Amino acid sequence: MTAISLRGARLSYGDRVLWDGLDLDVEPGEFLAVLGPNGSGKTSLMRVLLGLQPLSSGTVTVAGGNQAVGYIPQQRALDQSMTLRGRDLVGLGLDGARWGLGLRHRRERRIRVDAAIESVGATRYADEPIGLLSGGEQQRLRVAQALVGDPTVMLCDEPLLSLDLANQRVVSELIDKRRREAGTAVLFVTHELNPVLPLVDRVLYLVGGRFRVGTPDEVMNSRTLSELYRTPVEVVRVRDQILVVGAGACEEQTHHLASEAAS
Amino acid sequence: MTIFDLLELDFVQTALIAAAVLGLVAGVLGPFIVTRKMAFAVHGTSELAFTGGAAALLLGIGVGYGALAGSIFAAVLLGVLSRRESDRDSVIGAILAFGLGMGILMLALYKGRAANKFGLLTGQIVGVDSTDLTLLVVSSVAVLAVLAFIYRPLFFASVDPDVAVSRGVPVRGLSIVFAVLVGVATALSVQVVGALLVLALMITPAAAAMRVTASPLRATVLSVVFAEVAAVGGILLSLQPGLPVSALVTAVSFVIYLVCRGVGAVRRAA
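These protein sequence lines map, in sequence, to chains A and B.
Everything in the first sequence is counted per our numbering, starting at 9 for the first residue and increasing by one.
Everything in the second sequence is counted per our numbering, starting at 506 for the first residue and increasing by one.
Structure follows, in structure tokens:
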């Protein structure tokens, strides 16, 4: 069964079309990278898959619905004095959206939370105040938070942003391990393909209402990207890295679901 | 009279029960208020509770109902007007100033006892009668029941809004509901410690608790204990020397806060 399925999907705000005619099937265990410049609709695609944003036309299906989706946001500085431990963050991923106090099944809950923390190797600091942990430690806990609900789909929204190389590798390997062991489909929004290039099965590249889906080789070449950007773009392979020259596609960006929902 | 004679008095007992109920509600709400950075919103809401109370005094209806109406009005207004966190501060500032001005105007027009006026600002817990106490207990139970129902999603939305949104938590709706809960609790506190000193019960105990633990559950338990000690302890201390209740409630609360800051600093250095 397909994990994510989009048929003739169109999203527009007034006259501005983010994408149109998007057909996409993501299979269980597949790793799909979503690339594109700012404002090309990457975060909007994520909001559609989370059920927060209706399509202008077309259909979207996510196997298991919203509750089967694990979401990993980008790392950002947390308030140092925040009264929250890694254990609490992970627990919210399990039942934070349910009403009530959650006084029943505490033992079972604790076992699942402990297992998720252990699976990302965060047991040692799971009881520390989360604001005092490093960015890499916080992102490991984010992975655990997404995994604890046993997702069929993981949506990763720039999860490696502002991490150093070693931690980028740790976090992306944790995500890779999960999709290999449990067949979880991964949709990975990023502006930097290279850190995850060895893991990527297919790329969805969005530019100004146009898009292309295919393997990294099919999409990440001078001809395809020049067509997408409608301007000459040079794609160079240096060792096992892909460098895109002339697209202006690599700006840093920060965005948050909550702030976009509020505005 | 000794303190034991004083404790026999009906109005003292009523005051102590009122303080204990308030300590519980304020202590439970406090950690959410601090996490959501709503200290100033609580202050603004309490000023509007004062305005409502003053209006009620002028119209000759129960001050408690006026305060309740004023602060719920403020809470809803704040929730609707300040969609963005960035302009929440200025919205509160603008509403607060206007509300306080209106309150003072209404007190100036009021021809009754002057003590009633002053009480709205600095508290008059010994003036709480059994009708007030009933309103207080019923409202408190309602606040706690609603809070229990929305507890997990509210906590999620408060500490981790991005992921909460992704899980379908109605973040915006919850923040309005929570603002109303805070409004009700504030209106109740106004009668005990007065509009100007509400922060001593709603913020200080929680801020103190959150200095010494990173566990949300422990922070809530400590926050309730601190709020109870401040509210009930403040009244007990004020009885014998006959000092204003609100002065002692805030003093006790502040001492607890200082001690917790100290403990937190020592632990972090270790």
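Cβ coordinates follow ideal geometry from the N, Cα and C atoms, glycine included.
The model shown is predicted, which means the values in this text are computed figures rather than measured ones.
Any beta-carbon of chain A closer than 7 Å to the one on residue i?
i, result
"B/VAL664", "yes"
"B/ALA684", "no"
"B/ALA736", "no"
"B/PHE537", "no"
"B/ALA724", "yes"
"B/VAL485", "With chain B represented from 506 up to 775, any question about residue 485 of chain B goes unanswered, as that position is not in the structure."
"B/PHE661", "yes"
"B/MET715", "yes"
Is there at least one Cβ from chain B nearer than 7 Å to residue i's Cβ?
i, result
"A/ARG106", "yes"
"A/TYR133", "no"
"A/PRO137", "yes"
"A/LEU195", "no"
"A/LEU58", "yes"
Starting from the beta carbon of residue i, find every residue of chain A whose beta carbon is closer than 9 Å, and list them in chain order.
i, result
"B/PRO749", "Per Cβ cutoff of 9 Å: no residues; B/PRO749 is ~32 Å from chain A at best."
"B/PRO721", "THR91, LEU92, ARG93 and ASP96"
"B/ILE814", "For residue 814 of chain B there is no data in the structure shown, the boundaries of chain B being 506 and 775."
"B/THR540", "ASP87, MET90, THR91 and LEU92"
For residue i, verify whether its CB is less than 6 Å away from any heavy atom of the ligand SAM.
i, result
"B/LEU512", "This structure does not include the ligand SAM; it has no bound ligands of any sort."
Who are the neighbours of residue i on chain B, taking C-beta pairs under 9 Å?
i, result
"A/GLN153", "ASP665 and VAL668"
"A/ASN74", "SER671, ARG672 and GLY673"
"A/LEU100", "ARG657, PHE660, PHE661, VAL664, ASP665, VAL668, ALA669 and ARG672"
What in chain A is Cβ-close to residue i, meaning under 8 Å?
i, result
"B/PRO658", "GLY104, ALA105, ARG106 and TRP107"
"B/ILE718", "The question names Ile, yet the displayed sequence has Thr at residue 718 of chain B. Here the neighbours are THR91."
Note down, in chain order, every chain B residue with its Cβ under 8 Å from the Cβ of residue i.
i, result
"A/GLY143", "Those do not exist, as A/GLY143 stays about 15 Å from chain B at its closest Cβ, beyond 8 Å."
"A/PRO81", "ASP667, VAL668 and SER671"
Once you ignore the five residues that flank residue i on each side, which residues in its own chain have a CB closer than 7 Å to its CB?
i, result
"B/ALA713", "PHE731, ILE761, TYR762 and CYS765"
"B/MET715", "PRO536, VAL539 and ALA724"
"A/LEU97", "ILE138, LEU149 and GLN153"
"B/GLY567", "ALA561"
"A/LEU155", "GLY78, ALA124, SER127 and ARG186"
"A/SER180", "LEU168, PRO203, VAL204 and LEU207"
"A/ARG220", "TYR213, VAL227, THR232 and LEU236"
Tell me which residues share the same chain as residue i and place their Cβ nearer than 8 Å to its Cβ, disregarding the 5 neighbours each side in the sequence.
i, result
"A/TRP107", "none"
"A/VAL241", "SER230, LEU233, SER234, VAL252, VAL253, GLY254 and ALA255"
"A/GLY73", "GLY59"
"A/GLY16", "GLY29, LEU30, ASP31, SER65, GLY66 and THR67"
"B/PRO489", "There is no way to answer for residue 489 of chain B, as the model of chain B reaches only from 506 to 775."
"A/ARG117", "GLY99, LEU102, ASP103 and GLY110"
"A/GLN61", "LEU19, SER52 and ARG55"
"A/LEU201", "ALA41, LEU43, VAL208, VAL211, PRO224, MET228 and ILE250"
"B/ILE655", "LEU679, VAL682 and PHE683"
"B/LEU511", "VAL517, LEU744 and GLN745"
Skipping 5 residues on each side, what residues in its chain have a beta carbon closer than 6 Å to that of residue i?
i, result
"B/ILE681", "GLY584"
"B/GLY604", "GLU552, LEU553 and THR556"
"A/SER13", "ASP33 and THR69"
"B/ALA692", "ALA554, ALA572, LEU573 and SER576"
"B/ALA662", "ALA669, VAL674, VAL676 and LEU679"
"B/ALA544", "ILE708"
"B/VAL717", "CYS765, VAL768 and GLY769"
"A/ASP87", "GLY139"
Exercise for the section: Below 7 Å between beta carbons is the criterion; list the residues of the stretch 201-228 of chain A that meet it against any residue of chain B, in chain order. Expected result: none
Exercise for the section: Write down every uninterrupted run of the beta strand (DSSP E) in the stretch 98-154 of chain A whose length is 3 residues or greater and which is fully enclosed by it, in chain order. Expected result: none
Problem - Every unbroken alpha helix (DSSP H) inside the stretch 606-688 of chain B [4 residues or more] - result: 619-627, 635-664 and 666-671
Practice task
Run through the stretch 50-82 of chain A for me and flag every whole alpha helix (DSSP H) of 4 or more residues, listed as ranges in chain order.
Solution key: 50-57
Practice task
Starting from the N-terminal side, write out each stretch of the beta strand (DSSP E) that is 3 residues or longer and does not extend beyond the stretch 177-222 of chain A.
Solution key: 193-197, 210-215 and 218-222
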